[in-house]
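Per the numbering used here, the sequence shown starts with residue -16, numbered consecutively.
The beta carbon of each residue, even a glycine, is placed where N, CA and C say it ideally should be.
Every value quoted in this text rests on a predicted model; they were computed, and no experiment measured them.
The structure appears below as structure tokens.
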Amino acid sequence: MDRPFKTALIGLGKMGVKNAADAKVSAHYKYSSHIEALRDHPSFDCGALYDHDRSVEGQNFSNVEDIAKDYCPDVLVLATPPTGRLEIIKTFSNLKAIIMEKPIAYDLAQAQEIVEYCSSQNILLQINYWRRFDQTVIDLKKTFETKQDSPQVVFMTYGNGLRNNAVHLIDQIRYLFGEISDAKPSSIPQSSESFPIEGDVNIDFQLTLFGGAQVYAHALDFQQYREVGLDIWGRAGRTEFIQGGLVMRKSPLNDHRALDGDREIVSDQATLSITGAGTALYGLYDNLAKAMQGEAPLLSDGESALENERILEKIIS
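Right under this line is the structure:
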């Protein structure tokens, strides 16, 4: 690489920029916004900042067309709501890669169109399913594969919307254990104007992995408390992602303390560790840089993200 990739950031909300100014968020997430990862990663030079809300501070361009004409970025970061993304993308003629917040679009057909367009233009498309870039999750996947471990059952808790939070856990399950063969609702969907993504719902649901294991998901009321977590009962122990993925709790398998010939998960001897969630967003950029230089495949490409959205369609259809 002769120079850093010229990068434009469109959408200067929480994920774009604002989380960086939140002291409480920053205490746990070194990279809580795109601007932080872009400032630190040597492979990217973010020279264009724009938001459709002209009152947002920090912008150095007044419209997308001027960015395309006068800056000509290699990489486009879309931290915008899902509406109108394809039109934005088509404004640029020489893009090499796009980083996009999920969901790709509000409906599956539009999402498919964006993925197909990027493919036809040889544009790498990376979707921010950040748990794939958490080094703790990456290492756990390797451990599961080495030990040939698989879940007996998985429990999921989330809130604030299926498309907003549950989909991250669905993606993490796919990353760890492979594809999902079936998905179905187990409650009536509940909507709220307070959800971050327009039209999103809370709904309980059930997933089936191709190996037969079941995943049971329950939507919490975040007005009481919040959690976006997984509880994986494996064949060699129990692994929990708690506190929104910031902490991993592992409980070992051992001989049963009270019954001869049986075994137990020793939950009262669990070990806690801080995950790599706080630096996962940097990992996303690192993976993209390597993919752009032909050194690695994308870990969260558009086709994989489309599969997440197909699963959501099954749950809410």
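query: Sheet register partners of Asn185 (DSSP bridge); result: Gln173
query: Own chain, CB closer than 7 Å to Pro134, minus 5 neighbours either side, in chain order; result: Phe160, Ala196, Ile215, Trp216 and Gly217
query: Buried versus exposed call for Ser16 [16 or more other C-beta atoms within 10 Å across all chains shown]; result: buried
query: Reduced DSSP secondary structure (H/G/I, E/B, other) of Gly206; result: The sequence as given places Gln at residue 206; Gly does not occur at that position. Of the three classes helix, strand and coil, the one that applies to Gln206 here is coil, per DSSP.
query: Nearest-angstrom Cβ-Cβ length linking Asp154 and Tyr112, presumed shorter than 8 Å; result: 4 Å
query: When Glu19, Asp36 and Ser38 are compared against Cys29, the one with the closest alpha-carbon; result: Glu19
query: At least three beta-carbon pairs within less than 8 Å, the region 279 to 288 to the region 83 to 103; result: yes
query: Inter-residue CB distance, Thr63 and Ile(-7) (contact presumed, cutoff 8 Å); result: 6 Å
query: Glu296 and Leu91 closer than 8 Å at C-beta; result: yes
query: Contacts around Lys124, its chain only, beta-carbon distance under 7 Å, and the 5 residues preceding and following it disregarded; result: Tyr158 and Leu159
query: Straight-line Cα distance separating Pro86 from Thr66; result: 10 Å
query: Rounded distance between the beta-carbons of Thr254 and Glu210, thought under 8 Å; result: About 20 Å separates the two Cβ atoms, so there is no contact after all.
query: Ala200 - partner residues in DSSP beta bridges; result: Met139 and Phe188
query: Beta-carbon proximity of Ala263 to Arg114, cut-off 8 Å; result: yes
query: Secondary structure, alpha helix (DSSP H): runs of 4+ residues fully inside the region 20 to 98; result: 68 to 73
query: Exposure label - Thr222; buried when at least 16 CB within 10 Å; result: buried
query: C-alpha gap between Gly277 and Glu162, whole angstroms; result: 26 Å
query: Inter-residue spacing [alpha-carbon to alpha-carbon] between Leu320 and Gly228; result: What the structure shows of the chain is the stretch from -16 to 300, and residue 320 is not part of that stretch, so it cannot be assessed.
query: Counted within 10 angstroms of its Cβ, other Cβ atoms place Val60 as buried (16 or more) or exposed; result: buried
query: Cutoff 8 Å: Asn143 Cβ touching any chain B Cβ; result: Absence of chain B from the displayed structure is noted, only one protein chain being present.
query: Alpha-carbon spacing of Ser300 relative to Phe188, whole angstroms; result: 12 Å
query: Beta carbon of Leu190 nearer than 8 Å to that of Gly142; result: no
query: Backbone secondary structure at Lys13 - three-state DSSP; result: coil
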